[in-house]
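The opening residue of the sequence shown carries number 1 in UniProt numbering; numbering runs sequentially from there.
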Amino acid sequence: MLEVEIKTNHKNLHDSISEDYYKNKLMSKEDFDYYHGQNWENMESELITEGYIKIPEPVRDLGAE
């Protein structure tokens, strides 16, 4: 899947979740926070899987080396 497609799909889901919470009052704040966070985590996972972003390398502890 193209990067723009992944981002568009998750943006649309974000907009739907936000509308359900803010406008339609269809979920609790806890549910909104969970689904909102899960959506962005899923997008990041897809972007990593497809090779569009790389996992950052851990910071080296030069004092321990």
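Just so you know, even glycine gets a beta-carbon here, dropped at the ideal spot from N, CA and C.
### Query
So, helix, strand or coil for E57, using DSSP?
Numbered from 1 along the sequence shown, position 57 holds the residue referred to as residue 57. E57: coil per DSSP, three-state reduction.
#### Entry: Among S18, D61, M1, H10, nearest to N42 - alpha-carbon criterion
Position 42 of the sequence shown holds residue 42. Ranking the options by Cα distance to N42, first place goes to H10.
### Task
Using three-state DSSP, classify residue 75 as helix, strand or coil.
Residue coverage of the chain in this structure runs from 1 to 65, which leaves residue 75 outside it and unanswerable.
### Alpha-carbon to alpha-carbon, E44 and P58
Your numbering for residue 58 matches position 58 in the sequence shown. Your numbering for residue 44 matches position 44 in the sequence shown. Cα to Cα, the separation comes out at about 18 Å.
### Message
DSSP three-state label for G63, please.
### Response
Within the sequence shown, numbered from 1, the residue matching residue 63 stands at position 63. If DSSP states are grouped into helix, strand and coil, G63 belongs with the helices.
#### Entry: Whole-Å CB distance - L47 paired with E19, under 8 Å assumed
For the purposes of this step, residue 47 is identified with residue 47 of the sequence shown, where counting begins at 1. For the purposes of this step, residue 19 is identified with residue 19 of the sequence shown, where counting begins at 1. With a Cβ gap of about 24 Å, L47 and E19 do not count as contacting.
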